[in-house]
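**Q** Counting from 201, one number per residue, gives the positions in the sequence shown under our numbering.
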Amino acid sequence: MNILVINAGSSSVKYQLFNMDNATVLAKGRVERIGMDSAILLHEPSGKPDFHKVDEILEHTTAIRRVLDVLVHPEHGVLASTSEIDAVGHRVVHGGESFKSSVLVTDEVKKEIRRLFDLAPLHNPAHMLGISAVEANMPDVPQAVVFDTAFHQSMPAKAYLYPVPMALYRKHKVRRYGFHGTSHKYVSERAAAFLGRPLAQLKLVTCHIGNGASCAAVQGGQSVDTSMGMTPLEGLMMGTRSGDLDPAIVPYVMGKEDLTIGEVSSMLNKHSGLQAISGISSDMREIVEAREAGDKNATLAFDMYTYRLRKYIGAYTAAMNGVDAIVFTAGVGENSEALRQVVCEGLSFLGVDFDAEANRQGRGMEKRITKEGSRVEVLVIPTNEEWVIAQDTYGLVLAAKG
Ligand SMILES: Nc1ncnc2c1ncn2[C@@H]1O[C@H](COP(=O)(O)OP(=O)(O)O)[C@@H](O)[C@H]1O
Ligand SMILES: CC(=O)OP(=O)(O)O
Ligand SMILES: [Mg+2]
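1) Would you check if there are 3 or more beta carbon pairs closer than 8 Å linking the region 496 to 505 to the region 378 to 393?
2) Can you determine whether any heavy atom of ligand 3 sits closer than 8 Å to the C-beta of histidine 273, and answer yes or no?
3) Among the residues of its own chain, which have a CB less than 7 Å from the CB of leucine 258, if the five just before and after it don't count?
4) Start and end of the beta strand (DSSP E) containing lysine 253?
5) Quick one, what's near ligand 1 if you take every residue whose CB is closer than 6 Å to any heavy atom, in chain order?
6) Indicate the three-state DSSP secondary structure (helix, strand or coil) for glutamate 534 in the structure shown.
7) Could you tell me whether the region 223 to 242 touches the region 348 to 360, where touching means 3 or more Cβ pairs closer than 8 Å?
8) Along the chain, where does the alpha helix (DSSP H) that runs through lysine 383 open and close?
9) Starting from glutamate 335, trace the alpha helix (DSSP H) in both directions and tell me its first and last residue.
10) Any chance the CB of valine 293 is under 8 Å from a heavy atom of ligand 2?
11) Closer than 8 Å is the cut-off here; do at least three beta carbon pairs connect the region 275 to 290 with the region 329 to 339?
12) Under 8 Å: does the beta carbon of phenylalanine 502 sit that close to some heavy atom of ligand 2?
13) Can you tell me whether serine 212 sits near ligand 3, meaning its C-beta is under 8 Å from at least one heavy atom of the ligand?
14) So is the beta-carbon of glutamate 232 under 8 Å away from any non-hydrogen atom of ligand 3?
15) Under the three-state reduction of DSSP, which class applies to valine 597: helix, strand or coil?
16) Sort Met437, Thr506, Glu489 by Cα distance to serine 472 and report the nearest one.
17) Considering only heavy atoms of ligand 3, does any lie closer than 8 Å to the CB of histidine 380?
18) Write down every uninterrupted run of the beta strand (DSSP E) in the region 261 to 314 whose length is 3 residues or greater and which is fully enclosed by it, in chain order.
19) Which residue's Cα is closest to the Cα of threonine 262: Met355, Lys228, Glu232?
20) Straight-line CA distance for glycine 381 to lysine 456?
21) Leaving out five residues before and five after alanine 227 in sequence, what residues of the same chain have Cβ atoms less than 7 Å from its Cβ?
22) Assuming leucine 474 contacts isoleucine 487 under a Cβ cut-off of 8 Å, what Cβ separation, rounded to an integer in Å, is found between them?
23) Exposed or buried, what is alanine 207 when buried is set at 16 or more other beta-carbons lying within 10 Å of its beta-carbon?
24) Quick check: the Cα distance between valine 542 and leucine 316, rounded to an integer number of angstroms?
25) Return yes when the C-beta of proline 432 is under 8 Å from any heavy atom of ligand 4, and no when it is not.
26) Can we say the region 508 to 518 touches the region 372 to 379, given the rule of at least three CB pairs closer than 8 Å?
27) What separation, rounded to the nearest whole angstrom, lies between the Cα atoms of arginine 485 and glutamate 492?
28) In whole angstroms, what separates the C-alpha of glutamate 537 from that of glutamine 561?
29) Any heavy atom of ligand 2 inside 8 Å of the beta-carbon of aspartate 444?
30) Glycine 435 and alanine 413 - do their beta-carbons sit closer together than 9 Å?
31) Taking buried to mean at least 16 other C-beta atoms within 10 Å of its own C-beta, is valine 254 buried or exposed?
32) Give the single residue among Gly229, Ala525, Asn222, Leu547 whose Cα lies nearest to the Cα of glycine 396.
33) Name the DSSP beta bridge partners of lysine 228, please?
34) Leaving out the 5 sequence neighbours to the left and right, which residues in its chain are closer than 7 Å to serine 212 when beta-carbon positions are compared?
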């Protein structure tokens, strides 16, 4: 069975095509700058040269059409026909309280994803565009959705409630949901395998540090707390998102600057974080480069980012009354040696005996970056949300066939 996995963003679509029978990736790639006349398709078929194309792609249906076209292209393709795609699995960021696991797409499911638009305004509307675009191009192919929130549905009430009037939870479902669950779950399982210990006996702090970033406290394989909240804005400082702040700032700034709700939300989601403090970029690579060149604002942005991350690791260690291993994953967590070094060196009090040499070596592979005998181990585990989505989709499609 071949499964196409799609992670649709507002201006991008990332995809990966799996052959589930032998667990291989047939191709992966992305379309970026959707909505512009110079959109980019980058296609990486396995065993063949990469393929780039700049094209006018104004909306998601065309983007998905281009992806399907390149998958069956005589030269760059990996399939003879799109009828060889048996199912499509989508990442969906917000599943609210309705979805505790992955499901096949139905009209009811789509209605619920739409109802949750308000809670994940950067993500859910784009996912819905992805689902509709697949329907338009391949009406008969089953689709499944895999939610970022599902893994965190195990959080206890003391972790998921906000200390505000309970009516807000009862009437409007105002609570903490948490995100990146697919990744936190995957790296927890991989960490247990790497350590050669049962997941059921481990206390882990998993740090998914990408463009969006979150930490999770994973005890016995269950998420017991996580840093993102009702929306993916809470918690750590991110590329363009503020993370935690005093909620009184919101009405204060709205009054002082005469901002609307939409404007203040955009400020905190799209114009804060690394971007705002550095004045340079939301991309950690550029921050690290500028910091190395002595740029003061980039240094401050880096210091705030790593300081806030270290505080969360400390908090989650306290939440679980201990930690066996800390795991770094996602774009920044997997690739930024500087970030890992600064965070780990500030955790020596916990028993983290950082290994600078190991930290520098072996990009793209699972590794340990603490010395032999370190009381708390620190691991780098590349995440693979797409593979988890493909597996869940596979299971659902097989079950539906009976
Ligand atoms: N070598 C690197 N050093 C530091 N940061 C990196 C490096 N490579 C990638 N990144 C960071 O990873 C981020 C993207 O992470 P990713 O997990 O792909 O995010 P998302 O899935 O949210 O788009 C980029 O914004 C960039 O800052
Ligand atoms: C939930 C979330 O923040 O996702 P991403 O990191 O892909 O933006
Ligand atoms: Mg991501």
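Beta carbons are placed, not taken as given, at the ideal position from N, Cα and C, and that holds for glycine. Just so you know, these numbers come straight off a predicted model, no measurement behind them.
**A** According to the data block:
1) no
2) Looking up residue 273 in the sequence shown gives position 73. No, since every heavy atom of ligand 3 falls outside the 8 Å radius drawn around the Cβ of histidine 273.
3) Looking up residue 258 in the sequence shown gives position 58. Answer for leucine 258: Gly235, listed in chain order.
4) Translated into positions along the sequence shown, residue 253 becomes position 53. First-last of the beta strand (DSSP E) with lysine 253: 251 to 257.
5) Gly410, Asn411, Gly412, Gly439, Asp483, Met484, Arg485, Val488, Ala530, Gly531, Val532, Asn535, Ser536
6) Here residue 534 refers to the residue found at position 334 when the sequence shown is read from its first residue. It is helical.
7) no
8) Position 183 of the sequence shown, counted from the start, is the residue given in the question as residue 383. The residue you asked about is not lysine; residue 383 is serine in the sequence shown. Looking at the DSSP string, the run of the alpha helix (DSSP H) that includes serine 383 is 381 to 395.
9) The residue you call residue 335 lines up with position 135 of the sequence shown. It spans 324 to 337 - the alpha helix (DSSP H) in which glutamate 335 sits, taken as one unbroken run.
10) In the sequence shown, the residue the question calls residue 293 occupies position 93. Result yes, Cβ under 8 Å from ligand 2.
11) yes
12) The residue labelled residue 502 in the question sits at position 302 within the sequence shown. For ligand 2, not one heavy atom lies less than 8 Å from the Cβ of phenylalanine 502.
13) The residue you call residue 212 lines up with position 12 of the sequence shown. Not so, every heavy atom of ligand 3 lies at least 8 Å from the Cβ.
14) In the sequence shown, the residue the question calls residue 232 occupies position 32. Glutamate 232 Cβ: outside cutoff for every heavy atom of ligand 3.
15) Numbered from 1 along the sequence shown, position 397 holds the residue referred to as residue 597. Note: valine 597 maps to helix in three-state DSSP.
16) To locate residue 472, count along the sequence shown from 1; it is residue 272. Of the listed residues, the one whose Cα sits closest to serine 472 is Met437.
17) Counted from its first residue, the sequence shown places residue 380 at position 180. The answer is yes for histidine 380.
18) 287 to 292
19) If you number the sequence shown from 1, residue 262 lands on position 62. The candidate whose alpha carbon is nearest that of threonine 262 is Glu232.
20) For the purposes of this step, residue 381 is taken as residue 181 along the sequence shown, with counting starting at 1. For the purposes of this step, residue 456 is taken as residue 256 along the sequence shown, with counting starting at 1. If I take the Cα positions, the gap works out to 37 Å.
21) Walking along the sequence shown from the start, residue 227 turns up at place 27. Taken in chain order, the residues that qualify are Leu217, His243, Glu244, Pro245, Ser246, Leu271, Val278.
22) Taking the sequence shown and counting its residues from 1, the one referred to as residue 474 is at position 274. Taking the sequence shown and counting its residues from 1, the one referred to as residue 487 is at position 287. About 6 Å; that satisfies the 8 Å criterion.
23) The count along the sequence shown starts at 1 and reaches residue 207 at position 7. It should be noted that the sequence gives asparagine, not alanine, for residue 207. That one is buried.
24) Taking the sequence shown and counting its residues from 1, the one referred to as residue 542 is at position 342. Taking the sequence shown and counting its residues from 1, the one referred to as residue 316 is at position 116. Cα to Cα, valine 542 sits roughly 37 Å from leucine 316.
25) Looking at this structure, you won't find ligand 4 anywhere; what it does contain is ligand 1, ligand 2 and ligand 3.
26) no
27) Translated into the one-based positions of the sequence shown, residue 485 becomes position 285. Translated into the one-based positions of the sequence shown, residue 492 becomes position 292. Computed Cα separation, rounded: 11 Å.
28) Sequence index remark: in the sequence shown, residue 537 carries index 337 (1-based). Sequence index remark: in the sequence shown, residue 561 carries index 361 (1-based). Going by the C-alpha atoms only, they are around 9 Å apart.
29) For the purposes of this step, residue 444 is identified with residue 244 of the sequence shown, where counting begins at 1. Not so, every heavy atom of ligand 2 lies at least 8 Å from the Cβ.
30) Mapped onto the sequence shown, residue 413 falls at position 213. Mapped onto the sequence shown, residue 435 falls at position 235. Contact: yes.
31) The residue given as residue 254 occupies position 54 in the sequence shown. Classification of valine 254: exposed, given that the 10 Å Cβ count is below 16.
32) The count along the sequence shown starts at 1 and reaches residue 396 at position 196. That would be Ala525, whose Cα lies nearest to the Cα of glycine 396.
33) The count along the sequence shown starts at 1 and reaches residue 228 at position 28. Gln216, Glu244, per the DSSP bridge assignment.
34) Your numbering for residue 212 matches position 12 in the sequence shown. So the qualifying residues of the chain are Arg230, Val231, Glu232, Ile234.
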